[in-house]
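Q: Numbering follows the UniProt record's numbering, in which position 320 of the sequence shown is assigned residue number 320; successive positions increment by one, without gaps. Backbone N, C-alpha and C define an ideal beta-carbon position, used for all residues, glycine too. Treat the numbers as computed from the prediction; the structure is a model and nothing was measured.
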Amino acid sequence: MNGVETHTCVSSLNDSVERRGRRDASVRLYKVLLAKKYLRVADASEFLLFAGNCVQNAPPANFSRRPLFPSMSATAHPRLKVKKKKLAPLEEAHELYKDPARQAQLAGLRYVPDTRPGLTRQTAPDGTFSYLTAKGEPVTDEKTLARLQAFVIPPAWTDVWISPTANAHLQVTGRDAKGRKQYIYHPTWDVTRSLTKFSRLRAFGEKLPELRQRIQQDLKRPQLDKPKVVALVLTLMDQSFIRVGNREYAKKNKSYGLTTLRDRHVQVAGSEVNFRFVGKKGVPHDVTLHDRRLARLVQKCKEIPGQHLFQYYTPDGHRTELESGDVNGYLQEVTGLSLSAKDFRTWGGTVKMVECLEAVLREEPDLPKEKVLKKAVKDVAAGLGNTPTVCSKYYIHPQVVELFHADKLIDYLRKHDADPTENDVLTPTEHMVLDMLAEV
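1. Name the residue from GLY257, LEU294, ALA295, ARG264 whose alpha carbon lies nearest to the alpha carbon of LYS281.
2. When the Cα atoms are used, what is the spatial distance from ASP99 to GLY127?
3. What is the DSSP secondary structure of THR128, counted as helix, strand or coil?
4. Note down the Cα distance separating LYS393 from VAL160, rounded to an integer number of angstroms.
5. Closer than 7 Å by C-beta to VAL327: which residues in its own chain qualify, once you throw out the five before and the five after it? Chain order, please.
6. Can you list, in chain order, the residues of its chain whose CB lies under 7 Å from that of GLN239, leaving out five sequence neighbours each side?
7. Mind checking whether GLY205 and LEU373 have CB atoms under 8 Å apart?
8. For GLY52, which of helix, strand or coil comes out of DSSP?
9. Taking the CB atoms as reference points, tell me whether VAL139 and LEU119 lie closer together than 8 Å.
10. For THR120, which three-state DSSP category applies?
11. Are LEU357 and LEU434 closer than 8 Å when you measure CB to CB?
12. For THR335, count neighbouring C-beta atoms within 10 Å of its own C-beta (all shown protein chains included) and say buried if the count is 16 or more, exposed if not.
13. Do TYR330 and THR320 have their CB atoms nearer than 8 Å?
14. Using the DSSP secondary-structure output, state which residues sit across from ALA168 in a beta bridge.
15. Tell me which residue opens and which closes the alpha helix (DSSP H) that LYS226 is part of.
16. Cutting at 7 Å between CB atoms, please list the residues of its own chain near GLY349, excluding the five before and the five after it.
17. Can you list, in chain order, the residues of its chain with a C-beta nearer than 7 Å to that of ASP263? Leave out the 5 residues immediately preceding and following it.
18. I need the DSSP call for GLN223, collapsed to helix, strand or coil.
19. If you compare alpha carbons, which of ARG202, GLY136, ALA166 is closest to LEU148?
20. With C-beta atoms as the reference, is GLY136 less than 8 Å away from TRP157?
21. Under the rule that 16 or more other beta-carbon atoms within 10 Å means buried, what is ALA203, buried or exposed?
22. Which two residues bound the contiguous alpha helix (DSSP H) that contains ALA359?
23. I'd like to know whether the C-beta atoms of SER271 and ASP286 end up nearer to each other than 8 Å.
24. Nearest by alpha-carbon distance to LYS369: which of ASN386, GLU402, SER338, LEU339 is it?
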């Protein structure tokens, strides 16, 4: 998607209506994931807790493979024509993640992009707002007007587009005061995307040793070619959690990630590498790593002519700027899965949450659980450059919080600290996270 995305839930809807809608949609989604073997029946409480519901809303334990949406007509929700092929559950999760239209359908939503005709908002001279249909006629239906007002669209937004359908995955788009595109999604869509993303995390962790070994091999390549520079960027991402970067963000918003950094954003002194730049949403980043080999490689990249920090030489000797697509292509080639640089941040956020919880418990063992969680999430958010709310929602696997509440987290950590059979490609905490994900 273009512009800076703001994943905003429609939190201003009437509480009772929203709770009922989230409950029904979550139950439908639970049935789908259960049938696909993404979840077990025993995981109902964890799933519904993550989906924002209560335990008493859990579906019965004897769900069968009956039609998912018996009350919806085929004309209202036509079945997508998908080529059938047998996939393992984790592979199918990756296929599902690449198909947002199918995700929306499974969640009981319509996939409606803002390129389709929708409602618009107009501003009167006195500052009040009115709404027009796709045909340019005033919206007069009271139910529709109540829905539009419930969004609480910021007054500063321009070019406002509103879905004419209440069950669309995308509800509102607009441009903020800085011209950045903003989004308001259906609450169930946020839940669906997060669940699908977290279902990929185990596959990422299982592939991580192989990926790191390949990265180490490519870092030894004699020339600064594409595989070597991509391997360097992934190593920095693995250690710093810096975003991969986006050319459009760098051009329009002057916000940067690893692939869009300029030479001026990095300073190398001996074994120390310092990155200082403005990231997504204007968040300042000041990250220092201590690694002599990485410092030497970053300095070599900095010495390549041109303002862009990460460039590589093609076989015929031409300089080319590294792009985020190069990084994602490398990940997919090495792992054979549809992974992206974002999975590094999700993995890193989950692992770091475990480490931060352990540190807080060690330093303040008598601190109440909720305060321990709050402090740990705040520390993780600082490392990822996100707000604690965004970090909890998108970058920390909910099972970590469940283990902490059940007083099982420390037991997991002690088990892996004492296990001499584990390899050194993954840290003990990473082994613990992978073990945890295998039981979800």
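A: With the structure as the only source:
1. GLY257
2. 40 Å
3. coil
4. 26 Å
5. VAL230, VAL233, LEU234, VAL244, THR259, ALA341
6. LEU289
7. no
8. Here the model assigns GLY52 a pLDDT of 39, short of 50, so the residue's position is not dependable and the matter cannot be decided.
9. yes
10. strand
11. no
12. buried
13. no
14. ARG110
15. 226 to 240
16. VAL380, LEU384, CYS391, TYR395, ILE396
17. LYS302, GLN307, LEU309
18. coil
19. ALA166
20. no
21. buried
22. 341 to 363
23. no
24. GLU402
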